[in-house]
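Notes for the one structure printed next.
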Amino acid sequence: MLGVAPLSGQERPERRFTIEVDSFEIAFVLQGPAVVALADEIRATAEGAFAYDLELFGSLPEEFGDGSYNRITITLVEGDERRGESDPARIDMTMPPPEEEIDHFLWKGVLTHEIFHLWNAEGFRYASVEEQWLSEGF
């Protein structure tokens, strides 16, 4: 998991909430003051991304329908870099505090990109690193 440890002797603010997507629970863990302050915007962005992907694909990935996974956890942690990783039931992101308007577009882009990986991560496997664009190009 991507993460940033709290500074020595400091508590890192945290907020947890869930949304329901296609009768499936999506759990969010937000850590750091700037990320916690964006909770409503993060929720709206994720709901929009899931709605779009459901419209595009018709359902959640088959691993969720067949019971292989019973929930998705999305963790966003305030950190120095903007990056994300996903696997079939988990998304981990770090993001610096947004300072300019463009920063909001950038973290939203990373979050929606990682949500899309829930569908394509298992579906687009590549034989070599030269073919990684099949997964990362979306």
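Basically this note's numbering = 1-based index in the sequence shown + 10.
Just so it is clear, CB atoms sit at the ideal spot from N, CA and C, and this is done for glycine as well.
Because the structure is a prediction, the values reported are computed rather than measured.
Beta-carbon separation (whole angstroms), residue i vs residue j, contact threshold 8 Å
i   : j    : result
Q41 : R22  : 5 Å
N63 : I125 : First, the residue type needs correcting, since residue 63 is Asp and not Asn in the sequence shown. The Cβ separation is near 7 Å, so the contact holds.
E73 : Y79  : 5 Å
Three-way DSSP call (helix, strand, coil) for residue i in this model
i    : result
P23  : coil
R53  : helix
D90  : coil
L48  : coil
L40  : strand
D97  : strand
E73  : helix
D113 : helix
D32  : coil
M11  : Model confidence at M11 stands at a pLDDT of 43, short of 50, so the residue's coordinates are unreliable; what they give is reported in the following sentence. Coil at M11, not helix or strand.
Counted within 10 angstroms of its Cβ, other Cβ atoms place residue i as buried (16 or more) or exposed
i    : result
T85  : buried
I166 : Not covered by the structure: residue 166. The range shown for the chain is 11 to 148.
L66  : exposed
T28  : exposed
G89  : buried
S18  : Unreliable placement is indicated for S18, whose pLDDT of 47 sits below 50; no coordinate value is reported for it.
A56  : buried
Candidates the options, of which the one nearest residue i by Cα
i    : options               : result
A59  : V31, A49, R26, G77    : V31
A44  : W117, I125, E57, W129 : W117
A37  : R26, S78, E57         : R26
P108 : V39, F34, P98, V46    : V46
W129 : V87, P98, E110        : P98
F115 : E51, S78, V39, E35    : E51
V87  : H127, A61, M105, G68  : M105
For the region 80 to 97 and the region 121 to 132, state whether three or more C-beta atom pairs, one from each stretch, are separated by less than 8 Å.
yes
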